[in-house]
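Data block below; observations after.
2 protein chains.
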Amino acid sequence: MNLDDLIFVSVDDHAIEPPNAFTPHMAAKYKGREPRIVERSGRDVWVFEETASGYMGLNSVVGRPKEEYGMEPLGYAHMRRGTWDVGARVEDMNANGVLGSMCFPTFPGFAGQRLQHYADRGVSLAAIRAYNDWHLHDWCNAAMGRFIPLMIVPWWDAQAAADEVERMAKQGVRALSFSDNPTVHGYPSIHNGHWDPVWKACADNDVVICCHIGTGGNAGHASDESPIDAWIATMPISIANSAADWIWAPMWKKYPNLRMVLSEGGIGWIPYLMERADFTHRHHSAWTMSSFGGQRPSDVFKKHIMTCFIEDEFGLKNLDSINVDNVAWECDYPHSDCTWPKSPEVFWQQASNQKLSDAAIDKITHLNAMRNFGYDPFTRFGRENCTVGALREKAKHVKTEPQLGMGGAAPKRDPNKPVTSGDINRMFASADAAATL
Amino acid sequence: MNLDDLIFVSVDDHAIEPPNAFTPHMAAKYKGREPRIVERSGRDVWVFEETASGYMGLNSVVGRPKEEYGMEPLGYAHMRRGTWDVGARVEDMNANGVLGSMCFPTFPGFAGQRLQHYADRGVSLAAIRAYNDWHLHDWCNAAMGRFIPLMIVPWWDAQAAADEVERMAKQGVRALSFSDNPTVHGYPSIHNGHWDPVWKACADNDVVICCHIGTGGNAGHASDESPIDAWIATMPISIANSAADWIWAPMWKKYPNLRMVLSEGGIGWIPYLMERADFTHRHHSAWTMSSFGGQRPSDVFKKHIMTCFIEDEFGLKNLDSINVDNVAWECDYPHSDCTWPKSPEVFWQQASNQKLSDAAIDKITHLNAMRNFGYDPFTRFGRENCTVGALREKAKHVKTEPQLGMGGAAPKRDPNKPVTSGDINRMFASADAAATL
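If you read the sequences in order, they're chains W and R. The C-terminal residue of the first sequence carries number 437 in UniProt numbering, and the numbering is unbroken. The C-terminal residue of the second sequence carries number 437 in UniProt numbering, and the numbering is unbroken.
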């Protein structure tokens, strides 16, 4: 196998919603109350129920030179077109040799968490449904066969959530974006019976629960003075706390075919966590009374929990300690960690260093994602048209050189003053304040 | 090499302070105001400056049958004698084949954090100094050559802390127990110049900073309803956030010989974190302005940061991805994770599974700890008297069978109701309330 023969399906990318995403899909009763973009202080700002969200392009810096990276983008003009325009997105996928992509929401929060707190539950549910309809019909189906659709659901009414899972599953959606820890947002824990209708609907419809980092138990900023790099470095592994919480959660016994993904969690620390979970069970279950019915926590993990990575050579070195059938690749376009437009080269280098077999490479790059999400691009396109080489052949006109000046809104950096957690938090706060004016 | 030839030096155990630990060491001016044990509601309670701490035996369940494990011990009668009596401790070490041990404080907090918040700084400093004197003279030196002493320091006055480092270092103490994140306790971050006198004193005196899990960025309880096992499972890896914070911290450039330990942090996830840190630096430093002077974050980690483990076969499998000169073994006596009295068997099994070389085994079990902490038991005892076989030969009279009934204070368990984070937190709160009555 050569680099050009690789086939990439990414289980974690992000769509920036374009200004009128919600408008055509909002239920008639709530027309005019849908989330909408307004311009405030030279920024594009989402407004819903008179509440403004100060930044709308969270870290969507793909295509910039690294010197212009930042947590802003405060407007569409500060982002590459492929972040919000699905036609341009597909061209960017082609240029990066990426066949398929699952895109998480941005304005609603990766798991729809920002739409769970409005007083009027009717208009909130309408916005969630409008989001799902936009995502499926206007984003994914605008390029049939190129996206794995996912949905968000209301959290305050688990039956309504289950109904939404059913409604979307009937249209082919097989992924639910859900918080890795809903208690962070004031909702019941994953151990609570509250969620049973959601788990049942997912199990009945073969829908996979996708828990993206940052939707619950976030990485903490160690201090205001900490270089922001330290926070960035621990974002993926910070989902370890929730991963353990899901290992010991009750839904797996009740719904043996239910599955989940730790989206953007990385893979190199997973074997450690599984061993530590088994150790914990062996040492403590005699007094904690927890039970896996004779199985080990690592058995539960290997069966039910899928992991994914952007770059993770140590994880690839240790695939035999994970479950190679539940590891997938992700691109993370358009966020700052993504390796666009050189993702195939980065993967190929690491896979070659670790001498992965062709079979393992195929599982990780696309087969596992295709199986888990019922995604079948080969029937539609023919496998030979799905490779890095074939896709890049179609994208020779796409400009991938870094574009200068998009980060014009980013603050000037002082080379002697590393950017700190406090700097970033103050930037977010001031963006929120400016949006609210 | 056989199991009996192994030599174990543990870099993480715990002393339970006996009732009169502080009394003989308190400065004359503060005599009578030292922390002391009183009995309240049938419990032994530490009282200092009219403030009571509700539990004093935190998780010190060694020697119990596992069914009687729990987070209490609320009194000396609920704990094995080796937890608080140094003579009995040495016998327990012999029975477990452990030559040397570094013991963290219990009542003061593992890093002395509970002694940092009293209004009267004078009495607080006197208590800290009395603690250090008790620990060195009455605990460690009661069995010369069997312990690696460590100290705690005041945080509110970095020069006083540096003076205490000097004072103890002159007496041979080469380890400082310090919070992995002092901002959690309201003190300046590790990036702040506040701590410079402490770093300098440690560097000047070859004192190693030991950051034990739980002294700063603690593992979170995912929810009240989460099985406590999930929390236990992620306690070690939860120090990853602080580990990144220390990687990007400024003291390494200024004091190139300064070193630290992530105490009880485990090792299997370390290669992942180092790779992720390098990735972060490569992807982001152009805009974050952080610099390692041409080195990589992983170089800083490998040079300055020591790690340790209780059981961690995945880590042992990947020693080539860590730095085998900075990995050490720990026993964690008397906490519930410890493998006493079968620690040599547990280690030997994992080392054999992974086919570790004799050289690697010696480094990990004792040589790295001896070098890092300037600990030389061989000169005192002769190497041949330091082995598992030699020590156990002296401990044939020590009863190591689980003792029934010590956990009488532990609540009765319902086999159908796993113990949750909420249960444990309520237990702590009620112990504190009972202590305060």
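For each residue, glycine too, the CB sits at the ideal point set by N, CA and C. Remember, it's a predicted structure, so these values are computed and weren't measured experimentally.
Provide the residue span of the beta strand (DSSP E) that contains residue i, from first to last.
i      : result
W/E39  : R36 to R40
W/F8   : F8 to H14
R/F104 : V98 to F104
R/V388 : That residue, R/V388, is in no beta strand (DSSP E); its alpha helix (DSSP H) goes V388 to E393.
W/I305 : I305 to F309
W/F43  : It should be pointed out that residue 43 of chain W corresponds to Arg in this sequence rather than to Phe. Taken as a continuous stretch (DSSP letters only), the beta strand (DSSP E) holding W/R43 covers R43 to F48.
R/A52  : T51 to S53
For the candidate residues the options, whose alpha-carbon lies nearest to that of residue i?
i                      : options                           : result
W/D312                 : W/P236, W/P341 and W/S41          : W/P236
W/G57                  : W/E50, W/T51, W/S41 and W/P18     : W/P18
W/M93                  : W/D362, W/G405, W/C331 and W/M427 : W/C331
W/L258                 : W/I247, W/W231 and W/G266         : W/I247
R/T420                 : W/D157, W/C308, W/S285 and W/P149 : W/S285
W/H137                 : W/Q171, W/W155, W/L125 and W/W156 : W/Q171
W/K253                 : W/S291, W/E275, W/S223 and W/A243 : W/S291
W/W199                 : W/E225, W/S226, W/A160 and W/A127 : W/A160
W/R282                 : R/D206, R/I232, R/I267 and R/M260 : R/I232
W/T215                 : W/P256, W/R129, W/I239 and W/L150 : W/I239
R/F147                 : R/A162, R/V173 and R/A127         : R/V173
W/G82                  : W/E72, W/G63 and W/G70            : W/G63
R/A328                 : R/R33, R/H366 and R/N2            : R/H366
W/V184                 : W/A111, W/H135, W/M251 and W/R129 : W/A111
R/E166                 : R/T23, R/W156, R/A142 and R/N132  : R/N132
residue 438 of chain W : W/I310, W/R276 and W/G315         : The requested residue 438 of chain W is not part of the displayed model; chain W covers only 1 to 437.
Verify whether the separation of the beta carbon atoms of residue i and residue j is less than 8 Å.
i      : j      : result
W/H14  : W/H304 : no
R/V11  : R/A351 : no
R/P418 : W/T288 : yes
W/N59  : W/P341 : no
W/T387 : W/L6   : yes
W/A219 : R/N241 : yes
R/F8   : R/V123 : no
R/A360 : R/L319 : yes
W/P197 : W/I152 : no
W/P377 : W/G145 : yes
R/V207 : R/A243 : no
W/A395 : W/E91  : yes
R/S298 : R/M260 : no
R/D4   : R/E49  : no
W/I267 : W/I209 : no
W/I190 : W/S263 : no
Can you tell me whether residue i is buried or exposed, with buried defined as 16 or more other CB within 10 angstroms of its CB?
i      : result
W/A28  : exposed
W/E39  : exposed
R/D229 : buried
W/A433 : exposed
W/E164 : buried
R/T106 : buried
W/S179 : buried
W/S430 : exposed
R/K412 : exposed
W/G70  : buried
W/P402 : exposed
R/S357 : exposed
W/T280 : buried
R/M102 : buried
R/N372 : buried
By the DSSP assignment, the alpha helix (DSSP H) with residue i in it spans what residues?
i                      : result
W/M370                 : N368 to F373
W/V123                 : R121 to D133
W/G315                 : E313 to K317
W/A88                  : V86 to A95
R/W340                 : That residue, R/W340, is in no alpha helix (DSSP H); it is neither H nor E in DSSP.
residue 468 of chain W : An answer regarding residue 468 of chain W cannot be provided, because it is not within the stretch 1 to 437 covered by chain W.
W/R413                 : Run containing W/R413: none; DSSP gives neither H nor E here.
R/A359                 : D358 to D362
Beta carbon of residue i: closer than 7 Å to some heavy atom of the ligand GTP?
i     : result
R/V38 : In the structure on display, the ligand GTP does not appear, and there are no ligands present to speak of.
Next item on the list: Could I get the ranges of all uninterrupted alpha helix (DSSP H) runs contained in the stretch 249 to 303 of chain W, with 4 residues as the minimum, in chain order?
Entry: 251 to 254 and 270 to 288
Check: Which full runs of the alpha helix (DSSP H) of 4+ residues lie inside the stretch 151 to 238 of chain R, going along the chain?
Finding: For the stretch 151 to 238 of chain R, whole alpha helix (DSSP H) runs of length 4 or above, ordered along the chain, are 158 to 170, 196 to 204 and 228 to 234.
Next item on the list: Identify each residue in the stretch 371 to 390 of chain W for which the Cβ-Cβ distance to at least one residue of chain B is less than 8 Å, and report them in chain order.
Entry: Absence of chain B from the displayed structure is noted, the protein chains being W and R.
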